[in-house]
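Structure first, commentary second.
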Amino acid sequence: MRFADVIGQEDVKEHLRRLVRGGRVPHAMLFAGNAGVGQLPLAIATAQYMCCERRSEEDACGVCPSCVKFGKLSHPDLHFTFPIVKSAEKRVEVCDDMVEVFRQYVSMNPYISVNAWFAGACGGKAGMIYAREGDEIIRKLSFKPYESSCKVMVIWAPELMKEECANHLLKFIEEPPENTLFFLATDAEERILGTIRSRCQRIGLPPVDMGSLVSAASERFGLGGVEAERFARLASGSWGRLCEEVKRSDDETAYFDMFKQMMRLAWTLDVKEIKLWSERMAGMGRDEQKQFLQTAQHEVRENFISHLGDPRLVYMNAEEAGFSEKFSRFINERNVERMMAELELAENQIEQNVSSKIVFFHMMFSLYRLLKM
């Protein structure tokens with residue numbers, strides 16, 4: 443993972459280059475920002491740049507023995523800690539028991555979300571960084587570097603670290619062994635134990651700029667200019683979100699059909715049909731439920747803009763525009779903010795593992811009241 447592989451973030455990259463070139467890299471850095479802006483890939487890219495045998499002023503070379511190993515995420519001086527789900531049956535007790543799986547997932551998508559990791563690698567269960575991992579981290583970092591001048595521990599999603607593990611590491615992070623670095627990558631900085639945060643230098647990542655998103659979408663997905671801009675707009679500064687949007691683009695028609703059905707049911711308030719609809723929604727995976735609610739928020743927003751009457755600001759395909767001709771008049775200044783809030787609330791409740799059947803059923807009654815305003 444080189445700096446060139448990280449989308450946008452040019453100012454942050456240059457700051458990190460200067461730290462490395464000047465030999466002023468802090469022993470603990472916290473890469474923090476919104477989801478999908480590049481925390482994990484930038485942490486790995488910084489480690490690779492430091493360990494590269496023939497680095498330039500701008501980036502790691504990508505071809506030296508060290509870079510080849512970093513390309514496979516298998517360099518002996520690069521260590522990973524990440525949330526797992528313990529399983530005696532699968533013999534999973536610590537991160538090393540799943541590190542090969544983690545490398546595969548990150549190699550396929552360095553911008554992977556925590557939820558996608560849980561859904562794909564953890565059987566849909568929410569993982570943790572358990573107390574025992576603290577001992578494992580200390581053990582691994584107590585050795586001298588194998589091949590490079592330093593060893594790097596990348597901790598992904600440190601907000602999911604058990605307090606016992608965090609407390610065990612406090613002194614170690616504050617005064618690590620010589621040539622030992624901690625790179626923490628998070629999109630939930632506020633949930634990290636304060637005593638851990640205070641021991642790290644914060645590297646703040648802003649949203650990815652629009653130009654970089656459009657350029658990368660065109661290059662990596664072969665999208666035309668208009669389509670690339672549409673996805674970039676949906677992404678709201680997150681390359682991870684853009685990748686998810688492109689991946690699920692084939693499902694957009696299905697989600698849009700579900701949105702139309704939801705609004706028609708909410709308007710008629712057919713309780714029997716709403717109950718059946720809520721049960722069908724509950725049968726979907728959590729990620730699918732959240733994606734649908736995100737699509738619903740997008741459709742409400744676009745229909746409100748359409749209602750305002752400025753077609754230059756509306757980004758809809760032909761099918762969406764056809765539906766909007768009749769529907770947009772129901773989304774107005776009186777209800778749009780509350781409707782968006784209801785959909786966002788439902789998404790957050792799904793994230794918090796509230797019963798999805800209850801969430802969707804209750805949401806429909808709120809939408810009914812709002813549509814009648």
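For the sequence shown, the positions run 443 to 815 when this note's numbering is used.
C-beta: ideal position from N, C-alpha, C; glycine also.
All of these numbers come straight from a predicted model, not from anything done at the bench.
Outcome for residue i when other beta-carbon atoms lying within 10 angstroms are tallied against a minimum of 16
i      : result
PHE585 : exposed
GLY429 : Nothing in the structure corresponds to residue 429, since the chain is present only between 443 and 815.
GLY679 : buried
PRO552 : buried
GLU789 : buried
VAL668 : exposed
ARG444 : buried
SER720 : buried
PRO600 : buried
PRO507 : exposed
SER555 : buried
LEU718 : exposed
LYS455 : buried
SER498 : exposed
MET391 : There is simply no residue 391 to check, as the chain begins at 443 and stops at 815 in what is shown.
GLU775 : exposed
PRO518 : exposed
GLN481 : buried
Contacting residues, own chain, Cβ-Cβ under 6 Å from residue i (five flanking each side not counted)
i      : result
MET492 : VAL462
VAL778 : PHE746
MET603 : ILE571
PHE512 : GLN490
TRP681 : ILE449, GLY478, TYR553, VAL650
TRP816 : As displayed, the chain neither begins before 443 nor continues past 815, which places residue 816 out of reach and without an answer.
ALA724 : SER798, LYS799
PHE803 : SER720
PRO618 : HIS469
For residue i, the three-state DSSP class (helix, strand or coil)
i      : result
HIS749 : helix
HIS521 : strand
VAL505 : coil
SER529 : strand
GLY764 : helix
ARG581 : helix
ILE554 : coil
MET805 : helix
LEU626 : strand
LYS567 : coil
LYS593 : strand
VAL448 : coil
VAL778 : helix
VAL534 : strand
LYS586 : coil
ASN609 : helix
PRO483 : helix
LEU461 : helix
CYS494 : coil
GLU687 : helix
8 Å Cβ cutoff met for residue i and residue j
i      : j      : result
CYS564 : VAL527 : yes
GLY636 : LEU611 : no
ASP539 : ARG533 : yes
LEU647 : GLN451 : yes
SER808 : GLU784 : yes
LEU707 : MET806 : yes
ARG743 : MET700 : no
LEU623 : CYS592 : yes
LEU711 : TYR810 : yes
CYS642 : LEU472 : yes
LYS732 : GLU793 : yes
Own chain partners of residue i with C-beta closer than 7 Å, once the 5 adjacent residues on each side are dropped
i      : result
LYS582 : HIS521
MET652 : ALA674
ALA670 : VAL656, ALA659, SER660
ALA502 : ARG444, GLN490, TYR491, CYS494, CYS509
ASP453 : none
Bridge-paired residues (DSSP) for residue i
i      : result
GLN643 : MET471
TRP681 : Per DSSP, none; premise fails for TRP681.
TRP598 : ALA627
MET603 : ILE571
Beta-carbon proximity list for residue i, same chain, < 8 Å, skipping 5 on both sides
i      : result
GLY562 : TYR547
ARG771 : HIS749
ASP447 : PRO483, ALA487, PRO552
THR695 : GLU761
PHE734 : TYR697, MET700, PHE701, MET723, MET726
Check: residue i C-beta below 7 Å from any heavy atom of the ligand NAP
i      : result
PHE512 : In terms of ligand content, the structure shown is empty, and the ligand NAP therefore cannot be addressed.
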